[in-house]
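K.L.:
Just so we're aligned: 352 in full-length UniProt numbering is position 352 of the sequence shown, and the numbers increase by one with no gaps anywhere.
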Amino acid sequence: MAPIRLGVIGLSAEGSWAAGSHLPYLLQSSHYRITALQNSSRASAEKAVQKYSLPGNVACYGDVESLVRDPNVDVVVVSVKTPTHYGLAKPAIAAKKDVFVEWPLGANLREAEELTSLATSQHVKTMIGLQARQNPSIRKAKEMVASGKLGGILGTTMIGSGKIMGRVMPAPLEYELSIEAGANLVTIPAMHAIDALCFVLGEFKDLQATLANHRPKMPIVDPTTGKVQKIVDKTCHDYMSVTGTLARGGVASVVYQGGHSLTGNDFYWEINGTQGSLILEGPSGLVEMFHPTIKFVKAEEEASFKSFDDGKGPQPEEVKVEVASDFAYNVGQAWDAFAGAGSGTVTTFEDALVRHKMIDAIYRSSEKGTRETYI
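1. I need the DSSP call for M191, collapsed to helix, strand or coil.
2. Across the region 83 to 90 and the region 53 to 62, are there enough close Cβ pairs to call them in contact, namely three or more that are closer than 8 angstroms?
3. Three or more beta-carbon pairs under 8 angstroms between the region 99 to 116 and the region 202 to 217, yes or no?
4. Where does P172 fall in DSSP's three states?
5. For D222, count neighbouring Cβ atoms within 10 angstroms of its own Cβ and tell me buried if that reaches 16, exposed if not.
6. Name the one or two DSSP bridge partners that R5 has.
7. Am I right that T348 and A334 are in contact with their C-beta atoms under 8 angstroms? What's the rounded C-beta distance?
8. Are at least three pairs of beta-carbons, each pair with one atom in the region 321 to 336 and one in the region 166 to 174, less than 8 angstroms apart?
9. State the DSSP-derived secondary structure class of F100, mapped to helix, strand or coil.
10. What residues are listed by DSSP as bridge partners for D238?
11. Determine the direct distance from the alpha carbon of G340 to that of L54, and round the result to whole angstroms.
12. With a cut-off of 8 angstroms, do at least 3 Cβ pairs link the region 239 to 255 to the region 88 to 102?
13. Suppose only complete runs of 4+ residues qualify. What are the alpha helix (DSSP H) ranges in the UniProt domain "Gal80p-like C-terminal" (136 to 282), listed by chain order?
14. Between M144, P283, R355, L130, which lies nearest to K163 when the distance is taken from Cα to Cα?
15. If you run the structure through DSSP and keep just helix, strand and coil, what is K357?
16. Expressed to the nearest angstrom, what Euclidean distance is found between the alpha-carbon atoms of S30 and F290?
17. Mind checking D195: buried by the 16 CB within 10 Å criterion, or exposed?
18. With contact counted as at least three CB pairs below 8 angstroms, one residue from each stretch, are the region 114 to 126 and the region 272 to 281 in contact?
19. Just to confirm the assignment, what range does the beta strand (DSSP E) spanning K125 have?
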């Protein structure tokens with residue numbers, strides 16, 4: 001079978017998410033071949049070809065229209081800033097190219113709805129970058145819940161720190177501070193984690209949310225020197241609390257804060273069942289990149305007060321899963337699945353639309369103080 005030919009938008013010679021996550025897999029995969037690049041200019045694309053030692057016959061473009069017209073491109077890969085996803089994905093879909101878009105699909109629900117509808121009408125294959133679903137620990141948690149290992153699900157608690165929207169913001173990420181950009185604590189780190197939660201336990205039947213913008217003035221720092229360049233307004237949120245009931249049963253609670261936890265606990269997720277509980281802990285709230293450990297503790301058939309008093313009750317035991325090599329692992333698993341290989345799952349624009357509707361419900365709930373639904 002001939003390799004799938006990719007036209008990549010956003011592979012920068014200066015370094016980018018595409019270079020650190022997609023490229024290592026794509027260069028060694030027999031399923032794919034990069035045949036074209038599009039950056040802000042043709043010269044920029046040519047520079048990337050040289051930087052990453054891509055074949056000399058890789059076509060280089062400075063505009064998306066030329067890329068999507070290239071007959072040697074089967075799939076367009078949109079790996080750029082969130083506010084530009086819509087404008088780049090739309091012409092690719094209109095040209096009947098299959099398309100991958102980083103999460104979020106669009107800057108808002110309207111853009112996500114339009115792109116999903118267009119992809120359906122054009123009969124193109126889609127994939128969205130919600131790659132936390134490929135995480136070995138999260139896949140194992142889904143398997144154990146589905147098998148009944150935990151019994152009936154009572155509830156789940158997830159606490160994370162999203163790195164962005166902390167005390168300062170690196171200059172290249174200044175655009176994220178505007179809520180209109182659609183790239184913030186709620187939409188990216190928190191939603192990657194909530195998508196993993198829903199992948200394991202199913203969707204929320206309803207939810208209630210409280211959001212806060214504790215730091216409406218944000219220092220912008222030089223990422224190299226750490227020196228403050230200026231102070232700017234921030235309109236997006238840096239604290240999120242979401243509670244609700246799960247459609248399959250059980251209560252869910254998710255809290256995400258900006259920056260890092262001062263206690264060093266940046267990700268903790270507990271799933272409680274009638275027969276046992278799972279504990280997932282990781283070095284970062286960015287679960288789409290960094291991989292949590294997973295532990296299981298079996299419920300005692302007859303818990304005694306003594307076991308609680310002396311702390312000698314059942315102890316969590318680590319569940320053995322494949323050790324992911326790096327934060328690009330999940331992306332590679334997703335690409336394998338898209339090619340019909342491996343054991344991962346393909347997350348589509350339809351999946352992305354569900355998550356965008358959830359984001360909209362979270363915003364509505366926080367603004368109005370109401371309990372909301374999205375499915």
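Cβ coordinates follow ideal geometry from the N, Cα and C atoms, glycine included.
P.N.:
The structure says:
1. Position 191 of the sequence shown holds residue 191. Correct three-state label for M191: helix.
2. no
3. no
4. As a first step, residue 172 is located in the sequence shown; it is residue number 172 there, counting from the start. Note: P172 maps to helix in three-state DSSP.
5. Locating residue 222 in the sequence shown gives position 222, where the first residue counts as 1. D222 is exposed by the Cβ-count criterion.
6. Sequence index remark: in the sequence shown, residue 5 carries index 5 (1-based). Answer is R33, bridged to R5.
7. As a first step, residue 348 is located in the sequence shown; it is residue number 348 there, counting from the start. As a first step, residue 334 is located in the sequence shown; it is residue number 334 there, counting from the start. Your pair T348 and A334 does not check out as a contact, with CB atoms roughly 11 angstroms apart and the cut at 8 angstroms.
8. Output reads no: the region 166 to 174 does not touch the region 321 to 336.
9. The sequence position of residue 100 within the sequence shown is 100, counting from 1. F100: strand per DSSP, three-state reduction.
10. As a working note, residue 238 is residue 238 in the sequence shown. According to DSSP, D238 bridges with nothing at all.
11. Start at 1 with the first residue of the sequence shown, and residue 54 comes out as number 54. Start at 1 with the first residue of the sequence shown, and residue 340 comes out as number 340. Between L54 and G340, the C-alpha separation is close to 25 angstroms.
12. no
13. Fully enclosed alpha helix (DSSP H) runs of 4 or longer: 136 to 146, 191 to 201.
14. On the sequence shown, residue 163 is found 163 positions in, with the first residue counted as 1. The candidate whose alpha carbon is nearest that of K163 is P283.
15. On the sequence shown, residue 357 is found 357 positions in, with the first residue counted as 1. The answer is helix: DSSP assigns K357 an H, G or I state.
16. What you label residue 30 is simply residue 30 of the sequence shown in a count that begins at 1. What you label residue 290 is simply residue 290 of the sequence shown in a count that begins at 1. Answer to the nearest angstrom: the Cα atoms are 25 angstroms apart.
17. Translated into positions along the sequence shown, residue 195 becomes position 195. Buried is the call here.
18. no
19. The residue given as residue 125 occupies position 125 in the sequence shown. From DSSP, K125 is part of no beta strand (DSSP E); its letter is neither H nor E.
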